[in-house]
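Asks:
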Amino acid sequence: MPIPQEESPDTQSSLALGVIGNGSVAALIDGKGRIVWCCLPRFDGDASFCALLSPRREGGDWAIELEDFERAEQHYMVNTAVLVTRLYDHQGAGVEIVDYMPRFRSRGRFYHPVMIARRVRPIGGAPRIRIRLRPLCDYGANPPQTTSGSNHIRFLLSGVVQRLTSDVASPMIERGLPFILEKPAHFVFGPDETLMHSAADFIHHTLERTLAYWREWVRNLSVPYEWQEAVIRAAITLKLCQYEATGAIVAALTTSIPESANSQRNWDYRFCWLRDAAFTVRSLNRLGATRSMEEYIRYVFNLVAADGEREIGPVFGITFEHELTETQVESLAGYRDMGPVRVGNDAWRQRQNDVYGSVVLASAQTFFDRRLEHPGDELTFRRLERMGQMALRMAEEPDAGLWEFRGRTAIHTYSAAMCWAACDRLAHIATELGLDDPARYWHNEAEALHARIMKRAWNEKLGTFVDAYDGEHLDASLLLLADIGFIGAMDPRYIATVDAIGNALGRGEYLFRYIAPDDFGAPETSFNICTFWYIDALAATGRKERARAMFEHMLTRRNPLGLLSEDLAPTSGEHWGNFPQTYSMVGLIQAAMRLSRRWEDAL
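If you read the sequence shown in my numbering, its first letter stands for residue 1144, the second for the next number, and so on.
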């Protein structure tokens, strides 16, 4: 159902964005159909459309402006990544904007070019519109050079040349001249190549095939009985965050949206964290979308092969870059003028020891899922064993932890437990493959490590697990100990830890990841994935009604198009942090899968 944008909660207006994409590129679109963020020619490229981060010069967007604008409404076409925006003026005239990026099978492969396609048609009266296409270069620093013909405009952007082909005359677009829209207008902003068909025919053909692709993809998902629409939208969004050329999955599509107002917690998330990607893969696996897992494993094994015997870093570029040097961009003032804007992420320099378990857990299903065309074999297992050996070596070494502390290290419980998980899963995989000696070896190593973690991570005085060896603090990652199989969900020690975390880190219906001050002071916003982890833990420990109530509340906190950023302000529900956040969509899917009534019980 179309969502009237004027009724969107004010607290969510700035991140009331939709996302379109195709596995090569993605764009964010606001409630009036304005493209405000798109990096070209790939997720981590220059932000050609950067209006979201307030360029200091005019431009950085692509707007279809309706004169005498009164209201807007917006929705996705059902079960697709195709976005529809309708704008109405005060006389009742209106236009409909359909935005998508082509994606479908063609000639035995996927067609997913670096391309934005837009169709604008009148839906009443005599609407008068203006096209403002204003990409910028070098993160908003400079306008692009352009050349044009009668029906195309070439933009020489940073590292890529894009061509706009349209059935609207070029001078109307170049000068932003208003005109009455009497018939549909078509815009194809893609590679610098001559279209073999008219823009109208191209969009008609590729739109139908793109719609068919997404509907078929969704049809093959194993969704829960309840909350299907929310789960499907989350799954599509996760799919849009995978860079298909390599299999990498980015944590989010943006950089430098602060975790809270004026906090300086502004980070670039357009890279592949092995941990975040593993959560995404496991979540899509639960829905039966296993192709993302196979592509991601290909990405990881390419990384591992290049690293030799070195430690594995926590985050990499989407084309295997190891060094992601962090710099600040002065040409962008930042989200709501809340800089700095950072490009790159110095987390690549950190040691985060949970990554070894993340890789093994993301890969484990390949050895047990008989649907796969290329299931895991002994060669795959031997590659994963290197992750196990690194896990044994690093399990009880200090690291920055999954929250990426920049000013301190410790032997974090979650990191150690994930190293245990690597050994435990390798034992199961070896058993499945009939490799008796490796199975025995990994089983024994897992048991020994488990005992050491239990001794050092349990605080007898507090009666809970703690965030680090011999520590005294809680953090939300301890909620995952049951999920990874480290301890049973009904074990009194786990239940006590869940309750303590709820009391210490809970703020109403939300959960903080931790509350102790870090490098930037005390956190001010809740972390959405942690709230979902807590919901999941409540359900696992028998508090299902409370879990359902919290989950239903979180669904109301999504933006008008069903998406979530990284963080929420507990008092207002305002969205903060990079967007759309894969962690948050993963949490939604996992909680829905646990809480939903089963199909066989519901029908």
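Glycine included, every Cβ here is placed at the ideal spot set by N, Cα and C.
Reducing DSSP to helix, strand and coil, say where L1158 ends up.
Replies: Sequence index remark: in the sequence shown, residue 1158 carries index 15 (1-based). Helix, per DSSP.
Asks: Near E1454, what residues of its chain come up, given a Cβ to Cβ distance below 8 Å and the 5 sequence neighbours on each side ignored?
Replies: Taking the sequence shown and counting its residues from 1, the one referred to as residue 1454 is at position 311. R1494, M1533 and M1537.
Asks: Using the C-alpha atoms, what's the distance from R1700 back to P1723?
Replies: On the sequence shown, position 580 is the one that residue 1723 refers to. On the sequence shown, position 557 is the one that residue 1700 refers to. If I take the Cα positions, the gap works out to 14 Å.
Asks: Measuring only the C-alpha atoms, how far is D1662 from V1641?
Replies: The residue given as residue 1662 occupies position 519 in the sequence shown. The residue given as residue 1641 occupies position 498 in the sequence shown. Looking at the two C-alpha atoms, the distance is approximately 26 Å.
Asks: I need the boundaries of the beta strand (DSSP E) containing Q1288, first residue and last residue.
Replies: Position 145 of the sequence shown, counting from 1, holds the residue named residue 1288. Looking at the DSSP string, the run of the beta strand (DSSP E) that includes Q1288 is Q1288 to S1291.
Asks: In chain order, what are the residue ranges of uninterrupted alpha helix (DSSP H) at least 4 long that sit wholly in the segment 1329-1416?
Replies: Segments of the alpha helix (DSSP H) lying fully in the segment 1329-1416: 1342-1362 and 1371-1383.
Asks: I believe D1610 touches L1621 by the beta-carbon criterion, under 8 Å. Please report the beta-carbon distance rounded to the nearest angstrom.
Replies: Within the sequence shown, numbered from 1, the residue matching residue 1610 stands at position 467. Within the sequence shown, numbered from 1, the residue matching residue 1621 stands at position 478. Yes, D1610 and L1621 are in contact; Cβ-Cβ is about 7 Å, under 8 Å.
Asks: Short of 8 Å in beta carbon distance, which residues of its chain neighbour L1535, apart from the five on each side in sequence? Order them along the chain.
Replies: To locate residue 1535, count along the sequence shown from 1; it is residue 392. Same-chain partners within the cutoff: C1562, C1566, E1588 and L1592.
Asks: Does the distance from the C-beta atom of E1521 to that of L1467 stay below 8 Å?
Replies: The count along the sequence shown starts at 1 and reaches residue 1521 at position 378. The count along the sequence shown starts at 1 and reaches residue 1467 at position 324. Going by C-beta atoms, E1521 is not nearer than 8 Å to L1467.
Asks: Can you tell me the Cα-Cα spacing of P1768 and L1504, whole angstroms?
Replies: No answer is possible for residue 1768: the residues shown for the chain start at 1144 and end at 1746.
Asks: Could you name each continuous beta strand (DSSP E) segment of 3 residues or more that falls completely within the segment 1431-1477, going from the start of the chain to the end?
Replies: The segment 1431-1477 contains these whole beta strand (DSSP E) runs: 1470-1472.
Asks: With 16 as the cutoff for other CB atoms within 10 Å, does E1336 come out buried or exposed?
Replies: Taking the sequence shown and counting its residues from 1, the one referred to as residue 1336 is at position 193. Exposed, since its Cβ has fewer than 16 Cβ neighbours within 10 Å.
Asks: CB-CB under 6 Å to S1156, same chain, minus the five flanking residues each way: which ones, in chain order?
Replies: Within the sequence shown, numbered from 1, the residue matching residue 1156 stands at position 13. Note that S1156 scores 48 on pLDDT, short of 50, meaning its location in the model is unreliable; the coordinates nonetheless yield the value given after this. Excluding positions up to five away in sequence, the list is empty.
Asks: Looking at the unbroken beta strand (DSSP E) that takes in Y1243, where does it start and where does it end?
Replies: Locating residue 1243 in the sequence shown gives position 100, counting from the first residue. Here the beta strand (DSSP E) through Y1243 covers G1237 to Y1243.
Asks: If we count Cβ pairs, one from each stretch, closer than 8 Å, do we get three or more for the segment 1253-1269 versus the segment 1360-1378?
Replies: Taking 8 Å as the limit for Cβ pairs, the verdict is that the segment 1360-1378 does not touch the segment 1253-1269.
Asks: Can you grab the Cα-Cα spacing for the pair S1506 / R1185, in whole Å?
Replies: Walking along the sequence shown from the start, residue 1506 turns up at place 363. Walking along the sequence shown from the start, residue 1185 turns up at place 42. Using only the alpha carbons, I get a separation of about 26 Å.
Asks: Based on Cα-Cα distance, which residue from L1171, W1416 and V1486 lies nearest to V1227?
Replies: If you number the sequence shown from 1, residue 1227 lands on position 84. Selected option, being the one with the closest Cα: L1171.
Asks: Going residue by residue through the segment 1656-1731, where are the continuous alpha helix (DSSP H) segments of at least 4 residues, counting only ones entirely within it?
Replies: Fully enclosed alpha helix (DSSP H) runs of 4 or longer: 1671-1683 and 1687-1699.
Asks: If V1179 and A1169 are in contact, beta carbons under 8 Å, what's the gap, nearest whole angstrom?
Replies: Against the sequence shown, residue 1179 aligns to sequence position 36. Against the sequence shown, residue 1169 aligns to sequence position 26. So it is not a contact: roughly 12 Å between Cβ atoms.
Asks: In terms of residues, what are the limits of the beta strand (DSSP E) holding T1228?
Replies: Position 85 of the sequence shown, counted from the first residue, corresponds to residue 1228. Its beta strand (DSSP E) spans residues L1226 to D1232.
Asks: Would you mind sorting D1767 into buried or exposed? The rule is 16 or more other CB atoms within 10 Å of its CB.
Replies: Beyond the ends of the chain as shown, which are 1144 and 1746, falls residue 1767; an answer cannot be given.
Asks: Taking the alpha carbon of D1618 as the reference point, which residue from G1477, L1648, G1550 and G1431 has its own alpha carbon closest?
Replies: The count along the sequence shown starts at 1 and reaches residue 1618 at position 475. The candidate whose alpha carbon is nearest that of D1618 is L1648.
Asks: The beta strand (DSSP E) spanning P1483 covers which residue range?
Replies: Stepping through the sequence shown from its first residue, residue 1483 is reached at position 340. P1483 -> no beta strand (DSSP E), and no H or E assigned at all.
Asks: Whose C-alpha, out of R1229, T1349 and P1198, is nearest the C-alpha of M1244?
Replies: Position 101 of the sequence shown, counted from the start, is the residue given in the question as residue 1244. Minimum Cα distance to M1244 is reached at T1349.
Asks: Which of the three DSSP states, helix, strand or coil, is assigned to L1746?
Replies: For the purposes of this step, residue 1746 is identified with residue 603 of the sequence shown, where counting begins at 1. Residue state, collapsed to three classes: coil.
Asks: Is the separation between the beta-carbon of H1255 and that of G1166 shorter than 8 Å?
Replies: For the purposes of this step, residue 1255 is taken as the residue at position 112 of the sequence shown. For the purposes of this step, residue 1166 is taken as the residue at position 23 of the sequence shown. Yes, Cβ-Cβ distance for H1255 and G1166 is below 8 Å.
Asks: Any chance the segment 1378-1392 sits against the segment 1682-1690, with 3 or more Cβ pairs inside 8 Å?
Replies: Verdict: no, contact absent.
Asks: Between which two residues does the alpha helix (DSSP H) containing H1586 stretch?
Replies: Numbered from its first residue, the sequence shown carries residue 1586 at position 443. D1579 to A1600 is the extent of the alpha helix (DSSP H) around H1586.
Asks: Does the beta-carbon of M1436 have 16 or more other beta-carbons within 10 angstroms, so that it is buried, or is it exposed?
Replies: As a first step, residue 1436 is located in the sequence shown; it is residue number 293 there, counting from the start. Flag for M1436 reads buried.
Asks: Once the 5 residues before and after R1568 are set aside, which same chain residues still bring their CB inside 7 Å of it?
Replies: The count along the sequence shown starts at 1 and reaches residue 1568 at position 425. Closer than 7 Å at the Cβ level, and outside the excluded window around R1568, lie V1503, L1504 and A1507.
Asks: Thinking Y1612 and R1599 are a contact (beta carbons under 8 Å), I'd like their distance in whole angstroms, please.
Replies: The residue you call residue 1612 lines up with position 469 of the sequence shown. The residue you call residue 1599 lines up with position 456 of the sequence shown. Their Cβ separation, rounded to whole angstroms, is 4 Å, which keeps Y1612 and R1599 in contact under 8 Å.
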